[in-house]
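Below you'll find the structure, written out as structure tokens, and then a few comments.
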Amino acid sequence: MYKILANEPLVPNIHLIKIEAPAIARKALPGQFAVVRVDEFGERIPLTLADWDGEEGTITVLIMQVGTSTQKLAALNAGDHILNLAGPLGLPSHLDKFGTVVCAGGCYGVGAILPVARALKGLGNKVICIIEARIKNLLYWQEKLQQVSDELIVTTGDGSSGYKGWAYDPLKEMLEKGGKIDRVFAHGCTFMMMLTSEATKPFGVKTLVALNSIMVDGTGMCGCCRVSVGGKTKFTCVDGPEFDGHEVDWELLAARRTIYLEEEIRSLTHWECQRWYKPIVKVVEV
Ligand SMILES: Cc1cc2nc3c(=O)[nH]c(=O)nc-3n(C[C@H](O)[C@H](O)[C@H](O)COP(=O)(O)OP(=O)(O)OC[C@H]3O[C@@H](n4cnc5c(N)ncnc54)[C@H](O)[C@@H]3O)c2cc1C
Ligand code: FES
0 MYKILANEPL VPNIHLIKIE APAIARKALP GQFAVVRVDE FGERIPLTLA DWDGEEGTIT
60 VLIMQVGTST QKLAALNAGD HILNLAGPLG LPSHLDKFGT VVCAGGCYGV GAILPVARAL
120 KGLGNKVICI IEARIKNLLY WQEKLQQVSD ELIVTTGDGS SGYKGWAYDP LKEMLEKGGK
180 IDRVFAHGCT FMMMLTSEAT KPFGVKTLVA LNSIMVDGTG MCGCCRVSVG GKTKFTCVDG
240 PEFDGHEVDW ELLAARRTIY LEEEIRSLTH WECQRWYKPI VKVVEV
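Here is the structure:
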């Protein structure tokens, strides 16, 4: 059992969860993830390690509530326990001294990009972080990212804060103006990573994306996380999660991510009913 030390809502729909997990914290590297099973009825879901402290023996994950498992996690309190936690899994990010690097983050990826940006800065790169959100009250961790970057560009879809647009817009603008960018890392939803890769492709800037395929075991055994990269079949859990965005078959990834949509909706409806109506039924019975 893994104890939850903190559960803080950062913005509507995204929670920061700090967990006691000394073995994972000791070995974690930027770009890696952990597989979590909340309880005995839970499915196994991958979550990127957004931060960790080897001495304290803790890891931090940011969860965006999209379905049953992420809702269940968000509903836990400090002091509660998670049943299973495996990690660190996946290959670490391919980090080096590249020169000027853009780290783009959206949704939970704003948190996931932090350790990558921090490590790149430590290696002597000029780091430009670009984060996106639909509206300004969905922005978070600006201060943390500011500390590990030379420049932080904030974008919002409605223009309520910073640049009006999405993370790939200022990136594209920089490239069109002849800006020298040696590498791009993008973490976020599938669409955001695809558009970021499309923006950099004409300029030949290598773009690494952290793919978010559905996973089961997270150790290369089930084949569930299969993706196609450069025409070759890869397993996101053991060959990734980071891949060259210009080589990813995005259509296949998007299609495979929705194969259990009906079951996911049924599962969420069932869980929501249990969560909200069971206590009411009990009160009525009393
Ligand atoms: C390597 C890796 C690292 C990941 N890291 C994180 C992380 O740090 N934080 C985090 O919140 N998630 C992360 N994810 C995604 C996360 O694993 C899924 O969101 C989670 O499995 C959803 O489980 P669920 O039961 O809550 O929702 P499900 O019931 O499984 O999914 C509900 C619906 O939401 C859609 N959906 C799932 N994920 C997303 C998403 N991210 N954005 C928009 N729609 C989505 C699904 O396609 C489905 O239709 C990561 C995925 C991978 C592969
Ligand atoms: S999750 Fe099973 S092979 Fe990757």
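Every letter in the sequence shown is one number past the one before it in numbering that gives the first Met the number 0, and letter 31, counting from 1, is 30. Positions of the beta carbon are idealized from the N, C-alpha and C atoms, including for glycine. Predicted, not measured: the structure shown is a model, and the values here were computed from it.
Using a 10 Å radius around the Cβ and a threshold of 16 neighbouring Cβ atoms, would you call M192 buried or exposed? By the C-beta density criterion, M192 is buried, having at least 16 other C-beta atoms within 10 angstroms.
For I213 and T99, which I take to be in contact (beta-carbon distance under 8 Å), what is that distance rounded to the nearest angstrom? Incorrect: roughly 34 Å between the Cβ atoms, too far for contact.
Please return the same chain residues whose Cβ sits closer than 6 Å to the Cβ of D79, not counting the five positions on each side in sequence. Taken in chain order, the residues that qualify are I3.
Among L138, I130 and L46, which has the Cα closest to the Cα of P169? For the residues L138, I130 and L46, the minimum Cα distance to P169 belongs to I130.
In whole angstroms, what separates the C-alpha of Y107 from that of G230? Those two C-alpha atoms are separated by around 28 Å.
According to DSSP, which residues form a beta bridge with C247? Strictly speaking, residue 247 in this sequence is Val, with Cys absent from that position. According to DSSP, residue pairing for V247 in a beta bridge involves V228.
Neighbour-count burial assignment, A49, 16 or more Cβ in a 10 Å radius: With 16 or more Cβ atoms within 10 Å of its Cβ, A49 is classed as buried.
Quick check: does the Cβ of F32 come within less than 7 Å of any heavy atom belonging to ligand 2? Not so, every heavy atom of ligand 2 lies at least 7 Å from the Cβ.
Measuring CB to CB, does V208 end up less than 8 Å from G244? Going by C-beta atoms, V208 is nearer than 8 Å to G244.
Using DSSP's beta-bridge definition, name the partner residues of G97. Checking the displayed sequence, the identity of residue 97 turns out to be Phe instead of Gly. None, per the DSSP bridge assignment.
Local conformation of C236 per DSSP, three classes: Note: C236 maps to helix in three-state DSSP.
Are at least three pairs of beta-carbons, each pair with one atom in the segment 81-90 and one in the segment 6-24, less than 8 Å apart? The segment 81-90, when compared against the segment 6-24, does touch it at the 8 Å Cβ threshold.
Hey, out of R265, E261, H269 and C223, whose CA is closest to L251's CA? Between L251 and the set R265, E261, H269 and C223, the nearest pair of CA atoms involves C223.
Report whether the distance from the Cβ of G86 to the nearest heavy atom of ligand 2 is below 7 Å. Checking the 7 Å criterion, the Cβ of G86 is out of range of every heavy atom belonging to ligand 2.
What number of angstroms, rounded off, separates the C-alpha of F190 from the C-alpha of W51? Within the model, the alpha-carbon separation for F190 versus W51 is close to 28 Å.
K135 lies in the beta strand (DSSP E); which residues open and close that run? For K135, no beta strand (DSSP E) encloses it, and the DSSP letter there is neither H nor E.
For the segment 108-124 and the segment 27-37, state whether three or more C-beta atom pairs, one from each stretch, are separated by less than 8 Å. Output reads yes: the segment 27-37 touches the segment 108-124.
Return the first residue and the last residue of the beta strand (DSSP E) that T59 is part of. Note, T59: beta strand (DSSP E), T57 to M63.
Taking the alpha-carbon positions, what's the Y162 to L210 distance? Their backbone Cα atoms lie some 26 Å apart in a straight line.
Could you tell me the alpha carbon to alpha carbon distance between S92 and H269, rounded to whole angstroms? Pairing S92 with H269, the inter-Cα distance amounts to about 38 Å.
Top-ranked residue by Cα proximity to A198, from R274, E175, W249 and G217: Of the candidates R274, E175, W249 and G217, the one whose C-alpha sits nearest the C-alpha of A198 is E175.
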